[in-house]
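Enquirer: Attaching a single structure in structure tokens format; questions to follow.
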Amino acid sequence: MTDRQTEKEVDALTGTETTGHEWDGIKELNTPMPRWWLWTFYGTIVFAVVYTVLFPAWPLISSATGGVLGYSSRADLHQNLADVQTANQAVIERIATLPLQDILADTELTRFASAAGASAFKVNCSQCHGTGAAGASGYPNLNDDSWIWGGTIDDIHYTISHGVRSATDPDTRFNLMPNFGVDGMLDRAQIKDMVAYVAGLSGIEADPASPDAHQTFLDNCAGCHGEDARGMAELGAPDLTDAIWLYEGSVASIEAQLTQARHGMMPAWSEKLDDVTIKELAIYVHGLGGGQ
Amino acid sequence: MTTKTTDAVPPRIDVEAVNSARTRQPLYAARRKIFPKRAQGTFRRLKWIVMAITLTIYYVTPWLRWDRGEYAPDQAVLLDLANRRFYFFFLEIWPQEFYYVAGLLVMAGVGLFLVTSTVGRAWCGYACPQTVWVDLFLVVERAIEGDRNARIKLENAPWTASKLAKRVSKHGIWLLIGVLTGGAWVFYFADAPTLLVDIVTLKAPLVAYATIATLTATTYTFGGLMREQVCTYMCPWPRIQAAMLDEHSLTVTYNDWRGEPRGKHAKKAAANGQAVGDCVDCNACVAVCPMGIDIRDGQQLECITCALCIDACDDVMTRLGRDRGLISYTTLNDYDTNMKLATGPRGIDPSRVRRPEGGWVDALRHTNWRSVVRLRTLVYFGVWGLIGLAMLVALSMRSELGLNVLHDRNPLYVLLSDGSIQNGYDVKILNMTNAPRAVTFTIEGLPGATITSPNMADEATTALSLQVEPDLVLPLRIYVRAPAGDLAARTDFLMTARASVGEAIATQQVRFEAPETVK
Numbered sequence: 007m008t009d010r011q012t013e014k015e016v017d018a019l020t021g022t023e024t025t026g027h028e029w030d031g032i033k034e035l036n037t038p039m040p041r042w043w044l045w046t047f048y049g050t051i052v053f054a055v056v057y058t059v060l061f062p063a064w065p066l067i068s069s070a071t072g073g074v075l076g077y078s079s080r081a082d083l084h085q086n087l088a089d090v091q092t093a094n095q096a097v098i099e100r101i102a103t104l105p106l107q108d109i110l111a112d113t114e115l116t117r118f119a120s121a122a123g124a125s126a127f128k129v130n131c132s133q134c135h136g137t138g139a140a141g142a143s144g145y146p147n148l149n150d151d152s153w154i155w156g157g158t159i160d161d162i163h164y165t166i167s168h169g170v171r172s173a174t175d176p177d178t179r180f181n182l183m184p185n186f187g188v189d190g191m192l193d194r195a196q197i198k199d200m201v202a203y204v205a206g207l208s209g210i211e212a213d214p215a216s217p218d219a220h221q222t223f224l225d226n227c228a229g230c231h232g233e234d235a236r237g238m239a240e241l242g243a244p245d246l247t248d249a250i251w252l253y254e255g256s257v258a259s260i261e262a263q264l265t266q267a268r269h270g271m272m273p274a275w276s277e278k279l280d281d282v283t284i285k286e287l288a289i290y291v292h293g294l295g296g297g298q
Numbered sequence: 052m053t054t055k056t057t058d059a060v061p062p063r064i065d066v067e068a069v070n071s072a073r074t075r076q077p078l079y080a081a082r083r084k085i086f087p088k089r090a091q092g093t094f095r096r097l098k099w100i101v102m103a104i105t106l107t108i109y110y111v112t113p114w115l116r117w118d119r120g121e122y123a124p125d126q127a128v129l130l131d132l133a134n135r136r137f138y139f140f141f142l143e144i145w146p147q148e149f150y151y152v153a154g155l156l157v158m159a160g161v162g163l164f165l166v167t168s169t170v171g172r173a174w175c176g177y178a179c180p181q182t183v184w185v186d187l188f189l190v191v192e193r194a195i196e197g198d199r200n201a202r203i204k205l206e207n208a209p210w211t212a213s214k215l216a217k218r219v220s221k222h223g224i225w226l227l228i229g230v231l232t233g234g235a236w237v238f239y240f241a242d243a244p245t246l247l248v249d250i251v252t253l254k255a256p257l258v259a260y261a262t263i264a265t266l267t268a269t270t271y272t273f274g275g276l277m278r279e280q281v282c283t284y285m286c287p288w289p290r291i292q293a294a295m296l297d298e299h300s301l302t303v304t305y306n307d308w309r310g311e312p313r314g315k316h317a318k319k320a321a322a323n324g325q326a327v328g329d330c331v332d333c334n335a336c337v338a339v340c341p342m343g344i345d346i347r348d349g350q351q352l353e354c355i356t357c358a359l360c361i362d363a364c365d366d367v368m369t370r371l372g373r374d375r376g377l378i379s380y381t382t383l384n385d386y387d388t389n390m391k392l393a394t395g396p397r398g399i400d401p402s403r404v405r406r407p408e409g410g411w412v413d414a415l416r417h418t419n420w421r422s423v424v425r426l427r428t429l430v431y432f433g434v435w436g437l438i439g440l441a442m443l444v445a446l447s448m449r450s451e452l453g454l455n456v457l458h459d460r461n462p463l464y465v466l467l468s469d470g471s472i473q474n475g476y477d478v479k480i481l482n483m484t485n486a487p488r489a490v491t492f493t494i495e496g497l498p499g500a501t502i503t504s505p506n507m508a509d510e511a512t513t514a515l516s517l518q519v520e521p522d523l524v525l526p527l528r529i530y531v532r533a534p535a536g537d538l539a540a541r542t543d544f545l546m547t548a549r550a551s552v553g554e555a556i557a558t559q560q561v562r563f564e565a566p567e568t569v570k
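Protein chains in written order, with my numbering: chain A, 7 to 298; chain H, 52 to 570.
Listed below in structure tokens is the structure:
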């Protein structure tokens, strides 16, 4: 004790050794850790060693140490996903076997399919149609009740399965609006007249159409859009009298479409997604508020 | 007990304060065991009562039944984590109503302020689980190994069959108490009778066994082995209490203005004309202290104010025929006043506060109700009461029908082919009763508007009739259509859910969005 006192400085007030560090006359006391703290600390070291042996712990260049228990969080995840799949198997099988109309008649089944469809939509469809399915210019809004190719559950299911103007699916939804301007089917004056006529159908502000316009429409457009211009879902011809437009709905965009038609394309999803997912997507889209 | 003359000085107990404030042990020093002697008296009795009440509440509560009908569990207090329901007798708390729990926690906090500012660390001394279980473990220890002297003797005795048997049975019973403690805890989270059968037949979920094992280990370690060390080193409350106490708070105090100078040979000293205090230095207060301190050293962090030293000292004072209260619950303020009175030029002289004919001088301050009822405690009590009152009011006005509406953000609105505007909403109707209910859902305040819900009503309507299952949330997808007409960009309207029975009603103001330029 006396030896140490000569080596070490002892603080007079507390009787504790100092570390020898001094700042502005204040000396640091060398207070030891409490025992319980030390033992806890030793405990954590033991725990770490045991853990390292049992579980994956140390990162290597392209992998990690495995641990003798063979535990893997990735395997756990796969197991959990498989468990969920197993738990949902009965419902999924019913969706797979039941016709769409019967699924819609079952509230619980519809709720499940709609939730699954919503997540499939976010992954596969939101890139074009937006996360809320509100679409954009050239990409239809799926929330409204104006359907180019029909809005019944079967129509929607067919459209998702086979796509629109898909290059790979022979059963795809297909037709093309002629390029009335570029191909010289209508002259410039007629095009101007048609633009005015069509704009007038849905109340877009434009110059008044000529008395001949109705006849020109019947000759050139009614074949697809119908004599009343209300469109034909079988041909993918949109209703020209409502307020909803695939491309903006302005005089300029109508003129552009008449001159050289733009033709949107949607993939045939049956090539990529399984039947159940497509059914779920159809139910989700149908439930967005505009399904017929 | 009549006056048995002042000669009956109790034998001095050979004890040293383990956690002495005067000579602090270095932190590396091995812990010295404390062998608290059994105390008897008012505060010890109070501690038994509190212990009996708290332990009874803890062990019995999960077994109380409460009939809630066929759709809800029949356990009076049940924290059903899996189904996210908390049942407290007539109350059923949903996750949406968690503010009740928050309110209870705030009340517990303010209550701790109230109690601490009034009677000091009463929580530590009487109601804290650590105190209660240590007391319980000490009961076992005394029953098997005897009181203080016998325990010390046994501790120092060589290992014999008898010592081994005593130690094994003591630790065995401690562990059993630990198991029962952990066992009681899990019953709060599942149907108790079912779980008990499952536990015994080894069919209970692993988490139940893990919880019991953990709580057994902590109860045994904290209550049996670590005891006062938990309070001194692990618990944050002694560090905070200094901020909660003030000079009017009651604390366990050694009144050295009447106790000093202490000594066994008072008569001889008095004959020599020396000042003589009431303290006979018998160390009874130190022997009973479960924290191993000497209260005569003054206020200390370790003191949990269990007041067993008061009991021990009062006992001695009574036997000596002197006034009780040499150690007493006293405020710092009173103590200071009395100390000033007693302190003379030669230090403390108790004769300055004693009247020659016996009794104390009038200027002496005694503990009275004013230390309990004062502005600070009244404010705490007021806040505490207001929160409690607010919760009671909220509870009495609590609707058992809930309505939550969320407006679609993407898209905000949809233009329909006939020119009308459609908004989508996620509606949730909460039936917080234990019976199925017929609910009517309506919208009001949006002229010409109709609602549709996929697969619920094909044609547009203004009211939906729904059946909501008991104790469940019914999610609804609701589309509201309004003719463009003269819609403003934003219109507020009401969605209402009415239960046909009980006239419960839930309303929420909802916004209808339309394009800035509606034609």
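We put the beta carbon where it would ideally sit given N, CA and C, even for glycine.
Using DSSP with H/G/I as helix, E/B as strand and the rest coil, what is H:Y464?
Expert: Coil.
Enquirer: What number of angstroms, rounded off, separates the C-alpha of H:R421 from the C-alpha of H:G436?
Expert: About 20 Å.
Enquirer: In whole angstroms, what is the alpha-carbon distance linking H:T491 and A:G144?
Expert: If I take the Cα positions, the gap works out to 41 Å.
Enquirer: Work out the CA separation of H:I346 and A:R10 for me, nearest whole Å.
Expert: Per-residue confidence for A:R10 stands at a pLDDT of 48, beneath the threshold of 50, marking its modelled position as unreliable; the derived number appears in the next sentence. Roughly 35 Å between the two C-alpha positions.
Enquirer: Of all the CB atoms in chain H, is at least one closer than 8 Å to the CB of A:D151?
Expert: Interface residue, yes.
Enquirer: Determine, for A:D161, whether the minimum Cβ-Cβ distance to residues of chain H falls below 8 Å.
Expert: Output row for A:D161: interface = no.
Enquirer: Do we get a CB-CB distance below 8 Å when we pair H:G470 with the residues of chain A?
Expert: So yes, H:G470 belongs to the interface.
Enquirer: Which class does A:D245 belong to by DSSP, given the choice of helix, strand or coil?
Expert: DSSP places A:D245 in coil when its eight states are reduced to three.
Enquirer: Is A:I32 close to chain H, meaning its C-beta is less than 8 Å from at least one C-beta of that chain?
Expert: Judged by the 8 Å Cβ criterion, A:I32 is not in contact with chain H.
Enquirer: Hey, could you find the ends of the beta strand (DSSP E) A:S259 is sitting in?
Expert: Not the beta strand (DSSP E): A:S259 falls in the alpha helix (DSSP H), residues 257-265.
Enquirer: Please confirm whether A:D245 and H:L467 have their CB atoms less than 8 Å apart.
Expert: No, the pair does not count as a contact, with Cβ atoms beyond the cut-off.
Enquirer: Taking Cβ-Cβ distances below 9 Å as the criterion, which residues of the region 168-185 of chain H are in contact with chain A?
Expert: The region 168-185 of chain H vs chain A, Cβ under 9 Å: nothing.
Enquirer: Would you please verify whether the beta carbon of A:A126 is less than 8 Å from any beta carbon of chain H?
Expert: No, its Cβ sits nowhere closer than 8 Å to a Cβ of chain H.
Enquirer: For the alpha helix (DSSP H) containing H:G223, name the first residue and the last one.
Expert: H:G223 -> alpha helix (DSSP H) spans 212-237.
Enquirer: Tell me the DSSP secondary structure of A:S79 in three-state form.
Expert: Three-state result, A:S79: helix.
Enquirer: Which of the residues in the region 92-122 of chain A, read from start to end, lie with their CB under 7 Å from any CB of chain H?
Expert: Listed by position, the residues of the region 92-122 of chain A near chain H (Cβ gap below 7 Å) are L110, T113, T116.
Enquirer: Within 8 Å of any Cβ in chain A, is that where the Cβ of H:N200 sits?
Expert: It does not: the Cβ of H:N200 has no partner Cβ on chain A nearer than 8 Å.
Enquirer: Just to confirm, are H:G120 and H:A555 a CB contact at a threshold of 8 Å?
Expert: No, the pair does not count as a contact, with Cβ atoms beyond the cut-off.
Enquirer: Determine whether the Cβ of H:D459 lies closer than 8 Å to any Cβ atom of chain A.
Expert: Yes, H:D459 counts as interfacial toward chain A.
Enquirer: Between the C-alpha atoms of H:S220 and H:T270, what's the straight-line distance to the nearest angstrom?
Expert: Each residue's alpha carbon lies about 17 Å from the other.
Enquirer: For H:P462, count neighbouring Cβ atoms within 10 angstroms of its own Cβ and tell me buried if that reaches 16, exposed if not.
Expert: Label assigned to H:P462: buried.
Enquirer: From what residue to what residue does the alpha helix (DSSP H) around A:E286 run?
Expert: Unbroken alpha helix (DSSP H) run through A:E286: 281-292.
Enquirer: If the cut is a Cβ gap below 8 Å, which residues of chain H does A:I250 touch?
Expert: Within 8 Å Cβ-Cβ: L466, L467, S468.
Enquirer: Consider the Cβ of H:Q350: report whether some Cβ of chain A lies at a distance smaller than 8 Å.
Expert: False, the Cβ-Cβ gap to chain A never drops below 8 Å.
Enquirer: Mind listing the chain A neighbours of H:Y530? Cutoff is C-beta to C-beta under 7 Å, in chain order.
Expert: Going along chain A in sequence order, the residues near H:Y530 (Cβ under 7 Å) are G295.
Enquirer: Would A:W3 pass as an interface residue toward chain H - the criterion being a Cβ-Cβ separation below 8 Å?
Expert: Outside the modelled stretch of chain A, which goes from 7 to 298, sits residue 3 of chain A, for which no answer is possible.
Enquirer: Determine the chain A residues that contact H:Y284 at a beta-carbon separation under 7 Å, and present them in chain order.
Expert: Per Cβ cutoff of 7 Å: P40, W42.
Enquirer: Comparing the C-beta of H:G628 with each C-beta of chain A, is any distance below 8 Å?
Expert: The requested residue 628 of chain H does not occur in the structure, where chain H is confined to residues 52 to 570.
Enquirer: Flag H:P256 as yes if its beta-carbon sits less than 8 Å from any beta-carbon of chain A, otherwise no.
Expert: With 8 Å as the cut-off, H:P256 does not count as an interface residue toward chain A.
Enquirer: Of the residues H:V281, H:G328, H:A208, which one's Cα is nearest the Cα of H:R82?
Expert: Nearest C-alpha to H:R82: H:V281.
Enquirer: With respect to the beta strand (DSSP E) encompassing H:Q292, which residues constitute its N-terminal and C-terminal limits?
Expert: Unbroken run through H:Q292 is the alpha helix (DSSP H), 288-295; no beta strand (DSSP E).
Enquirer: To which residues of the same chain is H:R89 closer than 7 Å at the C-beta, ignoring the five residues directly before and after it?
Expert: Hits under 7 Å: R193, D198.
Enquirer: Apart from the five residues just before and just after A:A205, which ones in its own chain have a Cβ nearer than 8 Å to its Cβ?
Expert: Cβ within range, chain order: E211, A212, V257, I260.
Enquirer: Pick from H:E520, H:P521, H:R532, H:L497: whose alpha carbon is nearest that of H:S504?
Expert: If we check each option's Cα against that of H:S504, H:R532 comes out closest.
Enquirer: How about the region 177-184 of chain H and the region 272-288 of chain H: do they share at least three Cβ pairs that are nearer than 8 Å?
Expert: Verdict: yes, contact present.
Enquirer: Use the C-beta contact count for A:S79: other C-beta atoms within 10 angstroms, 16 or more gives buried, fewer gives exposed.
Expert: A:S79 is exposed by the Cβ-count criterion.
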